[in-house]
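Sequential numbering of the sequence shown, starting at 191, is according to our numbering. We put the CB at the ideal spot given by N, CA and C, even for glycine.
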Amino acid sequence: MSEEVKKRWEQMQIKTFTKWCNMHLAKKGSSIEDLTTGFCDGVKLIELLEVIGEANLGKYNKNPRLRLQKIENLNKALAFIKERGVSLVSIGSEDICDGNVKLTLGMIWTIILRFAISDLSEEGLSAKQGLLLWCQKKTKGYRDVDVKDFQDSFKDGLAFCALIHRHRPDLLDFDSLSKENARENLDLAFDVAEKNLGIPKLLDTEDMLSLPRPDERSVMTYCAALYKVFSAYDKVEMAGQRIGKFVSFMKAVQDMIHDYEERAAALVAWIGEKEGVYGQTPEVSEYQAVREMVAAFKEYRRSEKAGKVAEQSDLAALLSNIQIKLKSMNRPSYAPPAGLSTPEIDDAMDQLTSHERAYRSALNAALRAILDHLRHAFADPANAFNDMMQGYKTFLGETLEGDFEAQRAAYQEKRDELFAHAPELDTIKAAEEACEACNIEENEYSEHTWEDLKGAFDQMLKTMDKKIAFLTAQANESEGGISADKMVEFQQSFDAFDTDHNHTLERLEFFACLASLGLADVDFTGQNPEAEKVFQEVSEGTGCVTFEQYVKYMSSLCEDTFDPQQIAEALRAIADGKDWVTEADMQRACMDPEQIEYVKTALPMHANGQGYDYTAWCQ
191 MSEEVKKRWE QMQIKTFTKW CNMHLAKKGS SIEDLTTGFC DGVKLIELLE VIGEANLGKY
251 NKNPRLRLQK IENLNKALAF IKERGVSLVS IGSEDICDGN VKLTLGMIWT IILRFAISDL
311 SEEGLSAKQG LLLWCQKKTK GYRDVDVKDF QDSFKDGLAF CALIHRHRPD LLDFDSLSKE
371 NARENLDLAF DVAEKNLGIP KLLDTEDMLS LPRPDERSVM TYCAALYKVF SAYDKVEMAG
431 QRIGKFVSFM KAVQDMIHDY EERAAALVAW IGEKEGVYGQ TPEVSEYQAV REMVAAFKEY
491 RRSEKAGKVA EQSDLAALLS NIQIKLKSMN RPSYAPPAGL STPEIDDAMD QLTSHERAYR
551 SALNAALRAI LDHLRHAFAD PANAFNDMMQ GYKTFLGETL EGDFEAQRAA YQEKRDELFA
611 HAPELDTIKA AEEACEACNI EENEYSEHTW EDLKGAFDQM LKTMDKKIAF LTAQANESEG
671 GISADKMVEF QQSFDAFDTD HNHTLERLEF FACLASLGLA DVDFTGQNPE AEKVFQEVSE
731 GTGCVTFEQY VKYMSSLCED TFDPQQIAEA LRAIADGKDW VTEADMQRAC MDPEQIEYVK
791 TALPMHANGQ GYDYTAWCQ
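Right, dumping it as structure tokens:
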């Protein structure tokens, strides 16, 4: 670098730093004309530091005449700078007092770095890197703007215009600007910033254009001034984004509330309608009529009533989810309209059940000849099972404490407890079948049927699965986790093969799972190498597969990939192991006609002429 260029850089710094100092000194009603002499007595320097440092430096010589007094002022100023954590290397009071240009510029740059740029650090970077990163982020996407430094990147003025346009698009038309019109761009940016943003023209257009590369420190000083003004805009933008997220959250909750209220009102209306039907004592005298009414009532309980009981359970879960969401955002809990709360719905459903019980009791009066010990053989375990279910129903209506993961664990524990009661349903079913064999279709000792209990049991498992899946999805929402519906599917399939109900899949149980998925030809003696390899990988050598390991494995199977090996294996399965596939094979695989036509067109005919050669195609 030539001495001439260095000198011109120095002059550019002097002008920029002088304007920057005067921008702040104006708040004291003061200014300097010459940077090298304006701070010699320390008075202006103290005033500058009091403004930018937002402090009072105390008493000092406001009209110093003696060199000693000037030195005292400068010592006070430099001491304040050091107190603010700024290291002034090789810069002393005598240097400033004597008007040393180089050291004075160094002092002012140090002050600018500390009080105007140091707080601009972004993402743990240095002040310079942070300011550069901010300029890069705000100008990203602008035509012909590529900010790499504080020299050449700003020479044509487009970067300055982009920074202004990003925050105040109303002040200039960026699309009309050209990279070739550097002077016009610079003049426009400096004029707009001065007139509309209150930023003085710290830079001169002529200096930016005439120098081979503009002075870095001068450009940084101007960019820092732009940052100070626009940081308020960024804060408003962030606030807008935060409000937007909150509004979206509240809208989602409001939609859930609207859904709850509509469904709850419909359920309450249905309960009222059925109370009008079953609140009256049936008047019948013939056995066949009783049997027909019993059959009709049984169908009602099996289908219509079971659906409404399921809806009742779903509403309780929905209301719980609403409260969980509101609590997660520190919002007040939701209070349903009168008559639509879950306790009120439960009371109404219980009242309907009471009417149904009275209705059915009247019908049962015509069927007293049925053997009581068979009735008790069914009723005792059925009632006990229902009582047990009521306890879990009560649990579902409770609001649990803790985070999503803690709540999920609690629901999982309860679900496992509930699932352990499944064998009891077999006993209840056998007892019911014994009653039906003796034409006992109603039991005065119990209001339940195996199907009622099985349906309620299955529904409660589904409700718990939905709740567990919902909480799992809430905990994993920002991380792209497994969907709630897929988690329910995994839980149900796991339970289907967990025949010993020990919450793990043993070797043969897992082999049966593989067989159901069509993943291996399983030898249930446990000697199948293919199945054994998969079992060892999934179980991680522990001898059994946990639910978490099963979810991980099933999730990997659900990921669609299209590598040649996978495609070849799929076609080999369709072709039943042959090296060629026929149109009949593809039809048996339920492929769409259009898909079949594409395969026929894409695949070459096999050498035997009996089908299409997929092996060469997959390669």
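With 16 other Cβ atoms within 10 Å as the buried cut-off, status of residue i
{"i": "residue 413", "result": "buried"}
{"i": "residue 649", "result": "buried"}
{"i": "residue 206", "result": "buried"}
{"i": "residue 195", "result": "exposed"}
{"i": "residue 471", "result": "exposed"}
{"i": "residue 294", "result": "buried"}
{"i": "residue 254", "result": "buried"}
{"i": "residue 332", "result": "buried"}
{"i": "residue 442", "result": "exposed"}
{"i": "residue 433", "result": "exposed"}
{"i": "residue 647", "result": "buried"}
{"i": "residue 314", "result": "Note that residue 314 scores a pLDDT of 48, beneath 50, so its modelled location is shaky and nothing firm can be said."}
{"i": "residue 602", "result": "buried"}
{"i": "residue 747", "result": "exposed"}
{"i": "residue 550", "result": "buried"}
{"i": "residue 539", "result": "buried"}
{"i": "residue 681", "result": "buried"}
{"i": "residue 795", "result": "exposed"}
{"i": "residue 325", "result": "buried"}
{"i": "residue 366", "result": "exposed"}
{"i": "residue 272", "result": "exposed"}
{"i": "residue 728", "result": "buried"}
Cutoff 6 Å; reference residue i; Cβ partners in own chain excluding five residues on either side
{"i": "residue 469", "result": "545"}
{"i": "residue 669", "result": "With a pLDDT of only 46 at residue 669, under the threshold of 50, the placement of this residue in the model should not be trusted, and no figure is reported."}
{"i": "residue 736", "result": "694"}
{"i": "residue 508", "result": "450"}
{"i": "residue 221", "result": "212 and 215"}
{"i": "residue 420", "result": "357"}
{"i": "residue 232", "result": "260, 263, 264 and 267"}
{"i": "residue 560", "result": "Note that residue 560 has pLDDT 41, beneath the 50 cutoff, so the model's placement of it is unreliable and no number is given."}
{"i": "residue 340", "result": "406, 409 and 410"}
Expected contact under 8 Å - CB spacing of residue i and residue j to nearest Å
{"i": "residue 621", "j": "residue 571", "result": "7 Å"}
{"i": "residue 526", "j": "residue 454", "result": "7 Å"}
{"i": "residue 653", "j": "residue 504", "result": "7 Å"}
{"i": "residue 484", "j": "residue 641", "result": "Residue 484 to residue 641, Cβ: 15 Å. No contact."}
{"i": "residue 210", "j": "residue 302", "result": "7 Å"}
{"i": "residue 691", "j": "residue 610", "result": "6 Å"}
{"i": "residue 637", "j": "residue 547", "result": "6 Å"}
{"i": "residue 512", "j": "residue 447", "result": "6 Å"}
{"i": "residue 564", "j": "residue 624", "result": "6 Å"}
{"i": "residue 506", "j": "residue 586", "result": "6 Å"}
Beta-carbon proximity list for residue i, same chain, < 7 Å, skipping 5 on both sides
{"i": "residue 703", "result": "687 and 695"}
{"i": "residue 321", "result": "307, 310, 410, 413, 414 and 417"}
{"i": "residue 217", "result": "241"}
{"i": "residue 394", "result": "205"}
{"i": "residue 606", "result": "693"}
{"i": "residue 460", "result": "498"}
{"i": "residue 520", "result": "none"}
Close-in-space but distant-in-sequence residues of the same chain around residue i (CB under 8 Å, 5 per side omitted)
{"i": "residue 230", "result": "260, 286, 287, 288 and 289"}
{"i": "residue 243", "result": "270, 274 and 305"}
{"i": "residue 170", "result": "The chain is shown only over 191 to 809; residue 170 falls outside these bounds and no answer can be derived."}
Boundaries of the alpha helix (DSSP H) in which residue i is found, first to last residue
{"i": "residue 533", "result": "532 to 554"}
{"i": "residue 617", "result": "612 to 627"}
{"i": "residue 271", "result": "257 to 273"}
{"i": "residue 397", "result": "395 to 400"}
{"i": "residue 774", "result": "773 to 778"}
{"i": "residue 332", "result": "Note, residue 332: premise wrong, no alpha helix (DSSP H); not H, not E."}
{"i": "residue 606", "result": "594 to 609"}
{"i": "residue 241", "result": "233 to 242"}
{"i": "residue 721", "result": "719 to 729"}
{"i": "residue 630", "result": "Residue 630 -> no alpha helix (DSSP H), and no H or E assigned at all."}
{"i": "residue 207", "result": "193 to 215"}
{"i": "residue 298", "result": "291 to 302"}
{"i": "residue 514", "result": "496 to 518"}
{"i": "residue 287", "result": "283 to 287"}
{"i": "residue 374", "result": "372 to 387"}
{"i": "residue 222", "result": "Where residue 222 is concerned, there is no enclosing alpha helix (DSSP H), given that its DSSP letter is neither H nor E."}
{"i": "residue 348", "result": "348 to 357"}
Residues bridged to residue i [DSSP beta-bridge criterion]
{"i": "residue 736", "result": "694"}
{"i": "residue 795", "result": "802"}
{"i": "residue 770", "result": "803"}
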